[in-house]
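Trainee: When you read off a place in the sequence shown, starting at 1, and then add 100, the result is the number in the working numbering.
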Amino acid sequence: MADQDEQLKKIIAHAKEYGFVYPSSEIYDGLSATYDYGPLGSELKNNIKSFWWKSMVQYHENVVGIDAAIFMHPKTWKASGHIDAFNDPLIDNKDSKKRYRADVLVEEWVQKIEKKIQKEVDKAAKRFGDAFDETQFRNTNDRVLANLEKIDGANERFKTAMEQNDLADIKQLIIDLDIADPLSGSKNWTDVRQFNLMFSTEMGSTAEGADTVYLRPETAQGIFVNFLNVQKTARMKIPFGIAQIGKAFRNEIIARQFIFRMREFEQMEMQFFVRPGEELEWYEKWKKERLKWHHAIGIAKERYRFHDHTNLAHYANAATDIEYEFPFGFKELEGIHSRTDFDLKKHQEFSGKKLQYFDPEIGENYVPYVVETSIGLDRMFLAVLSHSYGQETLEDGSQRMVMRIPHFLAPYKVAVLPLLKKDGLPEKAREVLGELKFDYNCQYDEKDAIGKRYRRQDAIGTPFCITVDHQSLEDNTVTLRDRDSMQQERVSIAVLQQLLREKVTAPKLN
Ligand code: GAP
């Protein structure tokens with residue numbers, strides 16, 4: 101745990117030092133759970149967005165994109181259920197004065213018991229060696245079974261209490277599970293109360309005439325209300341998808357872990373509209389497709405896993421999270437939900453407008469079912485940062501800090517460096533820069549010794565450095581240095597374009 105905290109602290113410090121992410125309005129001591137992206141951060145963020153947009157919209161004939169407004173008619177949020185039910189159950193510890201989400205406390209308790217089970221399994225695997233049958237052990241071992249029963253009991257009780265809005269029983273559950281404040285160890289809890297996560301403001305010039313409007317807590321509703329506009333104007337036939345990237349806002353009460361949980365964040369969402377009855381097939385397809393997208397980035401596959409939901413929201417008939425192993429453990433990175441026809445039907449009901457599709461193949465009108473993929477851009481950014489961050493000891497014993505950002509996502513693809521600041525080398529280097537800068541984001545740097553400049557590029561994740569030296573003036577060749585291997589090769593300036601294209605182009609997913 102201490103190591104994990106240490107690792108996250110190092111990543112946060114590095115992100116600030118090099119201009120990836122800053123605390124928002126830092127000169128006023130920052131604003132909790134809001135962050136600004138610096139010069140390198142905004143490049144990296146744009147590269148992630150572009151990869152998502154291309155993979156989802158450009159590479160799928162049956163997916164189109166939109167950019168809906170953040171403000172929406174207030175009835176939208178009544179219809180979607182956010183006004184009545186987009187709440188977190190909160191509880192305070194009276195001694196530490198710290199506030200927690202009751203569901204998170206229960207979830208962490210479940211994880212603790214799951215760890216105990218895993219310990220039993222690992223111990224038995226060691227004892228029995230090759231003859232060990234894990235499934236059989238999990239199904240028959242008394243201690244494992246007793247712990248599983250405890251988990252099921254707690255989950256079931258929490259679910260029922262939430263459905264019945266029985267906040268007293270949620271508090272009792274926390275007491276019965278003997279959950280202590282993770283920071284102080286105190287078990288002196290207040291009552292649980294519901295807290296709505298939407299930010300509101302007023303639209304209109306006078307207080308009397310003003311309407312309460314909300315900052316959207318998800319981008320999805322902008323897609324639902326535009327379903328017919330898009331279907332008709334883009335002449336889409338079911339099955340088809342509508343994708344969107346945009347800001348969302350949630351008044352998160354417990355906002356820790358850097359950009360993992362923010363009050364203002366960005367989502368990349370896609371709603372895929374299908375014929376009723378075909379939604380589970382599409383849900384499985386999108387699960388596979390989305391995992392393929394993550395794997396294509398080049399981060400180790402073991403750092404991803406699915407977490408299928410057993411407690412489904414009332415509008416979903418299947419749901420899973422793609423979890424990523426952040427420095428603080430496996431946590432939700434993306435959600436994939438089969439949302440049935442809940443949202444479109446609700447908007448039909450509240451707007452009085454039909455949101456139906458006439459399916460020429462079967463000659464029927466229906467409200468389509470929806471499969472949603474929803475990923476947090478900032479969480480993806482943190483996944484890339486934490487995958488990339490590394491400190492290495494080199495053969496000569498010196499330390500190097502290197503950000504192994506996947507090449508196609510790196511803020512700068514290449515740095516052009518004259519070996520010396522004289523003898524015509526800067527001029528030659530600028531010539532090379534001029535040939536590359538229209539296709540690749542390049543950095544030019546002539547300050548300090550070459551070794552120091554390489555280290556600087558390693559620390560910001562630039563995959564390649566091109567060094568222009570005296571030989572370049574004679575034969576039009578340069579050295580190309582690879583960030584990861586630190587190997588250098590002599591190449592002709594004429595082939596740089598082609599070489600870089602092979603090395604830094606984003607994967608093309610089919
Ligand atoms: N439209 C569905 C929806 O909004 P969600 O699970 O609440 O579902 C989807 O959010 C994704 O948005 C999450 O998987 C996560 O990556 C991201 N997300 C949610 N809340 C966030 C927050 N406070 N800060 C950063 N990212 C967040």
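Ideal Cβ placement from N, Cα and C applies to all residues, glycine included. Predicted model, so just to flag it, every value in this text is computed and none were measured.
1) Is G476 near the ligand GAP - that is, is its Cβ less than 8 Å away from at least one heavy atom of it?
2) Checking 9 Å against the spacing of the C-beta atoms, do Q172 and G322 come in under that value?
3) Report yes if the CB atom of I475 is closer than 9 Å to the CB atom of L433, and no otherwise.
4) Between M501 and Q491, which are expected to be in contact by the criterion C-beta below 8 Å, what is the C-beta distance as a whole number of angstroms?
5) For the ligand GAP, is there a heavy atom less than 8 Å away from the beta-carbon of G435?
6) Counting C-beta neighbours from all protein chains within 10 Å, is the total for Q211 16 or more, i.e. buried, or is it exposed?
7) Under 8 Å from any heavy atom of the ligand GAP, does the C-beta of Y367 make it?
8) Cβ-heavy atom distance between P189 and the ligand GAP below 8 Å?
9) Measure the alpha-carbon distance for R530 versus V516 and round it to whole angstroms.
10) So what's Q158 in DSSP terms, helix, strand or just coil?
11) Run the CB neighbour count on A179, radius 10 Å, all protein chains shown included, and call it buried at 16 or more, exposed below.
12) Looking at the ligand GAP, does it come within less than 8 Å of D421, judged from the CB to the closest heavy atom?
13) Below 8 Å, can you find three or more Cβ-Cβ pairs linking the segment 191-207 to the segment 283-301?
14) Assuming the contact rule is C-beta atoms closer than 8 Å, D478 and F365 should be a hit. Round their C-beta distance to whole Å, please.
15) Taking C-beta to C-beta, are D441 and V470 nearer than 9 Å?
16) When you compare the CB positions of D421 and I399, do they come within less than 9 Å of one another, or not?
17) Do you know offhand how far I353's Cα is from Q272's?
18) Roughly how many angstroms separate the alpha carbons of A343 and N265, rounded to a whole number?
19) How is the beta strand (DSSP E) around P518 delimited, first residue to last?
20) Relative to the ligand GAP, is the shortest distance from any of its heavy atoms to the C-beta of P317 smaller than 8 Å?
Mentor: According to the structure data:
1) For the purposes of this step, residue 476 is identified with residue 376 of the sequence shown, where counting begins at 1. The answer is yes for G476.
2) Here residue 172 corresponds to residue number 72 of the sequence shown, with the count starting at 1. Here residue 322 corresponds to residue number 222 of the sequence shown, with the count starting at 1. Note that residue 172 is Met in the sequence shown here, rather than Gln. Taking 9 Å as the Cβ cut-off, M172 and G322 qualify as a contacting pair.
3) Here the question's residue 475 lines up with position 375 in the sequence shown. Here the question's residue 433 lines up with position 333 in the sequence shown. Going by C-beta atoms, I475 is nearer than 9 Å to L433.
4) By one-based count along the sequence shown, residue 501 stands at place 401. By one-based count along the sequence shown, residue 491 stands at place 391. Yes, M501 and Q491 are in contact; Cβ-Cβ is about 6 Å, under 8 Å.
5) Here residue 435 is taken as the residue at index 335 of the sequence shown, counted from 1. Yes, since a heavy atom of the ligand GAP falls inside the 8 Å radius drawn around the Cβ of G435.
6) One-based indexing of the sequence shown puts residue 211 at position 111. That one is exposed.
7) Position 267 of the sequence shown, counted from the start, is the residue given in the question as residue 367. The displayed chain sequence assigns Gln, not Tyr, to residue 367. For the ligand GAP, at least one heavy atom lies less than 8 Å from the Cβ of Q367.
8) Taking the sequence shown and counting its residues from 1, one reaches residue 189 at position 89. No - the ligand GAP has no heavy atom lying nearer than 8 Å to the Cβ of P189.
9) By one-based count along the sequence shown, residue 530 stands at place 430. By one-based count along the sequence shown, residue 516 stands at place 416. Computed Cα separation, rounded: 8 Å.
10) Position 58 of the sequence shown, counted from the first residue, corresponds to residue 158. Residue state, collapsed to three classes: helix.
11) In the sequence shown, residue 179 corresponds to position 79, counting from 1. When all chains shown are included, A179 counts as buried.
12) In the sequence shown, residue 421 corresponds to position 321, counting from 1. The answer is yes for D421.
13) yes
14) The sequence position of residue 478 within the sequence shown is 378, counting from 1. The sequence position of residue 365 within the sequence shown is 265, counting from 1. That belief holds up - the Cβ atoms of D478 and F365 are roughly 5 Å apart, short of 8 Å.
15) Within the sequence shown, residue 441 is the residue found at index 341, counting from 1. Within the sequence shown, residue 470 is the residue found at index 370, counting from 1. Against a cut-off of 9 Å, the Cβ pair of V470 and D441 comes out as a contact.
16) Residue 421 sits at position 321 when you count from the first residue of the sequence shown. Residue 399 sits at position 299 when you count from the first residue of the sequence shown. Not in contact: D421 and I399 (Cβ atoms no closer than 9 Å).
17) For the purposes of this step, residue 353 is identified with residue 253 of the sequence shown, where counting begins at 1. For the purposes of this step, residue 272 is identified with residue 172 of the sequence shown, where counting begins at 1. About 21 Å.
18) In the sequence shown, residue 343 corresponds to position 243, counting from 1. In the sequence shown, residue 265 corresponds to position 165, counting from 1. Rounded to whole angstroms, A343 to N265 spans 34 Å at the Cα level.
19) Within the sequence shown, the letter at position 418 stands for residue 518. First-last of the beta strand (DSSP E) with P518: V514 to P518.
20) Within the sequence shown, the letter at position 217 stands for residue 317. Yes.
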